[in-house]
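Peer 1:
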Amino acid sequence: MSTGSFLMDFTTGIADRSEELNASIESQFSKYRSKLDAYHDSRDKVIKASRDVTSSSKKIIFSLQRLKFTTALGLTIPVKVQEEITGYELKIQHILESVASELKDNSSWRYHRQISGAYQEYIEALLFRGFLLNGRIFTYNEVTEIIGKDFMVPETDYILGLLDTTGELMRYAITNMFIKSENDCVKESKDNVSSIALKICSVLRLLAIGFSSLIIPSSSSLAGNEFTKKLQTLKSSLDKVEKGICSRVIRSNEFVQSI
Amino acid sequence: MISNLVDRDLFHKCQESIDRDADIREHLRGLVKDVEKYNRQITAVLQGAHSVAPEKFTNFDGESFDLLLQQREALDRLAETATKYPFYKYNGIWSRVMQNAVFVILLRDFIVNEGETITSRSTQKTIISSLATVAKKLGVESDDDEVTDPNAFRLTLDEYLHGTISLISELARLATNTVINANGEYSTVLRINLLIKELQSGFLMLNLKNDSLRTRADSIKYDIRKVEEVIYDLSLRKMILQ
Numbered sequence: 001m002s003t004g005s006f007l008m009d010f011t012t013g014i015a016d017r018s019e020e021l022n023a024s025i026e027s028q029f030s031k032y033r034s035k036l037d038a039y040h041d042s043r044d045k046v047i048k049a050s051r052d053v054t055s056s057s058k059k060i061i062f063s064l065q066r067l068k069f070t071t072a073l074g075l076t077i078p079v080k081v082q083e084e085i086t087g088y089e090l091k092i093q094h095i096l097e098s099v100a101s102e103l104k105d106n107s108s109w110r111y112h113r114q115i116s117g118a119y120q121e122y123i124e125a126l127l128f129r130g131f132l133l134n135g136r137i138f139t140y141n142e143v144t145e146i147i148g149k150d151f152m153v154p155e156t157d158y159i160l161g162l163l164d165t166t167g168e169l170m171r172y173a174i175t176n177m178f179i180k181s182e183n184d185c186v187k188e189s190k191d192n193v194s195s196i197a198l199k200i201c202s203v204l205r206l207l208a209i210g211f212s213s214l215i216i217p218s219s220s221s222l223a224g225n226e227f228t229k230k231l232q233t234l235k236s237s238l239d240k241v242e243k244g245i246c247s248r249v250i251r252s253n254e255f256v257q258s259i
Numbered sequence: 001m002i003s004n005l006v007d008r009d010l011f012h013k014c015q016e017s018i019d020r021d022a023d024i025r026e027h028l029r030g031l032v033k034d035v036e037k038y039n040r041q042i043t044a045v046l047q048g049a050h051s052v053a054p055e056k057f058t059n060f061d062g063e064s065f066d067l068l069l070q071q072r073e074a075l076d077r078l079a080e081t082a083t084k085y086p087f088y089k090y091n092g093i094w095s096r097v098m099q100n101a102v103f104v105i106l107l108r109d110f111i112v113n114e115g116e117t118i119t120s121r122s123t124q125k126t127i128i129s130s131l132a133t134v135a136k137k138l139g140v141e142s143d144d145d146e147v148t149d150p151n152a153f154r155l156t157l158d159e160y161l162h163g164t165i166s167l168i169s170e171l172a173r174l175a176t177n178t179v180i181n182a183n184g185e186y187s188t189v190l191r192i193n194l195l196i197k198e199l200q201s202g203f204l205m206l207n208l209k210n211d212s213l214r215t216r217a218d219s220i221k222y223d224i225r226k227v228e229e230v231i232y233d234l235s236l237r238k239m240i241l242q
């Protein structure tokens, strides 16, 4: 880069007053106003979409929480509930499509802060359902495949969403701690503790160990309170599940079988 | 069964992605520091304008120009790395330094132009460089241009507006000091007055939301008042013709 070209950019700037005078402050700021308005309009659109996606995701989670665990192999979801959940999912995809131009390709990071919470909540719903139905935690790739590869969902949203999922798994384990019916095979459960509770306990343990082992440098975007707090919450969720199972084991003889 | 619950590579991949991201940020921060160095040096040079009479303003041309050249090179290095990544992913890292770069360009423009105006006894109106012009002087693209590469490093409108507000503050202070330093020649104050009033009406045109830009724009009226008071005092004593 030569001094000459630099000089030219400068003298063109200072000396060419006529061009500047035509672009008066008023006309300049009028252009700026249009740009700012467009930006704020898009941003508001994304915020609204984020709220809607979050609320639908929460509804999916609530629907799943209401399901009783009845078999050892996995959850079978009653048709009515499945339809409900599918309805919410379609709604979410629809909402995301409506802000696609703000969230895909070129703009993809611009409004990320506004949509990140919604992504995390949706991932939470997907991971929760995935675990109940398939007995495992879906990977980042699987989850982004469902959302749509066009939407830029960074790994941090997956990590934070996964941490939130552990809270839901804990709640489900506590609610479904005991065997509800004879269908839960005796060999899969232990001392009348349901297999799902045991499974959730194992997975929470694995996740707690794994996330605790991560080293977050201070320059990382994950550095800060959010990750630390969620990790803390995971550990206390694990604690609750372990305590619940332990007390169930200890008292397994005291409980009436029909409960 | 244990390994079926969670992808065995999950945490390994997480750590990798965290490290990669942190490395990029570190690298960018380092490049930003280099630009910041020149921001500060140029600002220091220009601060000299508060101590001399306006007719000497043209003295600041040379040294500040050399520093600007170096700042531009530092910006080129930053841009070269930044362009590899999605623009809005990391732009928070350099936004402060870009605001300062805008400020420094606008301030220098004003000082040098004002010096020329006085020595040539011209009656030309004071102007302010637009977003596109400032970007050009910094050697980068701007929000104004039709963006060919969406990840291209560029000066954003927000950065430009923040830089402009900083300029207004600085000019208000400069106005009071030119009265101190001037040898009976107070026209600089009048020109500053006109310019910042025009800028204020520009800002009033914008539909701002409750963000940092709004808060800073709200402070413009105090700078305006400061300059108006100086002019009032001068005109009261017939030291200046309005």
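If you're matching them up, the sequences are chains L and X in order. When the letters of the first sequence are read in order and numbered with this note's numbering, they come out as residues 1 to 259. When the letters of the second sequence are read in order and numbered with this note's numbering, they come out as residues 1 to 242. For each residue, glycine too, the CB sits at the ideal point set by N, CA and C.
Please name the residue, chosen from X:A44, X:L157, X:A79, X:F57, that lies closest to X:L67 on a Cα-to-Cα basis.
Peer 2: X:A44
Peer 1: Taking 8 Å as the threshold (beta carbon to beta carbon), is X:D233 in contact with chain L?
Peer 2: no
Peer 1: Report yes or no: is there a C-beta of chain L within less than 8 Å of the C-beta of X:R29?
Peer 2: With respect to chain L, the C-beta atom of X:R29 has a partner C-beta closer than 8 Å.
Peer 1: Taking X:V6 as the query, report the chain L residues whose CB atoms sit under 8 Å from its CB, ordered along the chain.
Peer 2: R136, I137, V203, L206, L207, G210
Peer 1: Quick check on the burial criterion: 16 or more other C-beta atoms within 10 angstroms. Buried or exposed for L:I250?
Peer 2: exposed
Peer 1: Can you give me the C-alpha to C-alpha distance between X:E63 and L:Y111, rounded to a whole angstrom?
Peer 2: 41 Å
Peer 1: Can you tell me where the alpha helix (DSSP H) holding X:L294 begins and where it ends?
Peer 2: Lying outside 1 to 242, the shown extent of chain X, residue 294 of chain X is not represented and no answer is given.
Peer 1: For the stretch 139-186 of chain L, which segments carrying the alpha helix (DSSP H) assignment without a break, of at least 4 residues, lie completely within its bounds, in sequence order?
Peer 2: Counting only runs of 4 or more residues that sit fully inside the stretch 139-186 of chain L, the alpha helix (DSSP H) segments are 140-147, 155-175, in chain order.
Peer 1: Is the separation between the beta-carbon of X:T126 and that of X:L174 shorter than 8 Å?
Peer 2: It is not a contact, given that the beta carbons lie outside the stated cut-off.
Peer 1: Can you list the residues of chain L that X:M98 reaches, using a CB-CB cut of under 9 Å?
Peer 2: The premise fails here: X:M98 is roughly 16 Å from chain L at the closest Cβ pair, so nothing lies under 9 Å.
Peer 1: Does X:K209 come out as helix, strand or coil in the three-state DSSP assignment?
Peer 2: The answer is coil: DSSP assigns X:K209 none of H, G, I, E or B.
Peer 1: Go ahead and label X:G184 buried or exposed: buried means 16 or more other beta carbons lie within 10 angstroms of its beta carbon, across all protein chains shown.
Peer 2: So X:G184 counts as exposed.
Peer 1: Can you tell me which of L:I47, L:Q28, L:L198 puts its alpha carbon nearest to the alpha carbon of L:E242?
Peer 2: L:L198
Peer 1: Against chain L, with Cβ distances strictly below 8 Å, would X:K33 count as a contact?
Peer 2: no
Peer 1: Just to confirm, is the Cβ distance from L:T156 to L:S219 under 8 Å?
Peer 2: no
Peer 1: Roughly how many angstroms lie between the CA atoms of L:L96 and L:G244, to the nearest whole one?
Peer 2: 39 Å
Peer 1: Assign X:E141 to one of three DSSP states: helix, strand, or coil.
Peer 2: strand
Peer 1: Taking three-plus beta-carbon pairs below 8 Å as touching, is the stretch 45-65 of chain L in contact with the stretch 85-103 of chain L?
Peer 2: yes
Peer 1: Run through DSSP, which three-state label would X:L155 get?
Peer 2: strand
Peer 1: Since L:F29 and X:L206 are thought to touch, with beta carbons under 8 Å apart, how far apart are those beta carbons, to the nearest angstrom?
Peer 2: 7 Å
Peer 1: L:R110 versus chain X: which residues are under 7 Å apart at the beta carbon?
Peer 2: At a C-beta separation below 7 Å, L:R110 has these neighbours in chain X: Y88.
Peer 1: Taking 8 Å as the CB-CB limit, is L:N176 close to chain X?
Peer 2: It does not: the Cβ of L:N176 has no partner Cβ on chain X nearer than 8 Å.
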